[in-house]
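Inspection log for the structure reproduced underneath, given as structure tokens.
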Amino acid sequence: MHGPEHVLGAWQDVSAVSVPVPDPAGHVRGTVTVASPLWTDGRTPPEAALAEAVAALVETELAARSRPAATAGC
Numbered sequence: 263m264h265g266p267e268h269v270l271g272a273w274q275d276v277s278a279v280s281v282p283v284p285d286p287a288g289h290v291r292g293t294v295t296v297a298s299p300l301w302t303d304g305r306t307p308p309e310a311a312l313a314e315a316v317a318a319l320v321e322t323e324l325a326a327r328s329r330p331a332a333t334a335g336c
């Protein structure tokens, strides 16, 4: 979302990228949002790659934590 697309006046000079974070069942549990000064050249802001990478890491961690713990000595 870029500047004038924002509803709130305080965000008119900001670009923001949000990426959903699903749990292992596919339900969205939240988002990773990265905001930066307004990006006006029409290209995808470079912050999008950061938001996507962090969301992927969180998704991987959620999947790891959802697996049953391995029992030692089995």
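Be aware that the sequence shown starts at 263, since it is given in our numbering, and climbs by one per residue. All residues carry an ideal CB built from backbone N, CA and C; glycine is no exception. In this text, all values refer to a predicted model and were calculated from it rather than measured experimentally.
Item to complete: Ignore the nearest five residues each way along the sequence and tell me which others in G292's own chain have a CB closer than 6 Å to its CB.
Response: The residues are V283.
Practice prompt. From the DSSP output, read off the bridge partner residues of S280.
Written response: Partner(s): T295.
Worksheet item: For the region 271-278 against the region 293-306, are there 3 or more C-beta pairs whose distance is under 8 Å?
Response: For the pair of segments examined, the region 271-278 was found to touch the region 293-306: the number of CB pairs separated by less than 8 Å reaches three.
Discussion item. Is it buried or exposed, A315, if we count other Cβ atoms within 10 angstroms and call 16 or more buried?
Written reply: By the neighbour-count criterion, in which a residue is buried when 16 or more other Cβ atoms sit within 10 angstroms of its Cβ, A315 is exposed.
Discussion item. Mapping the DSSP letters down to three states, classify V290 as helix, strand or coil.
Written reply: Strand, per DSSP.
Worksheet item: Would P286 pass as a contact of A325 if the rule is Cβ separation under 8 Å?
Response: It is a contact, given that the beta carbons lie within the stated cut-off.
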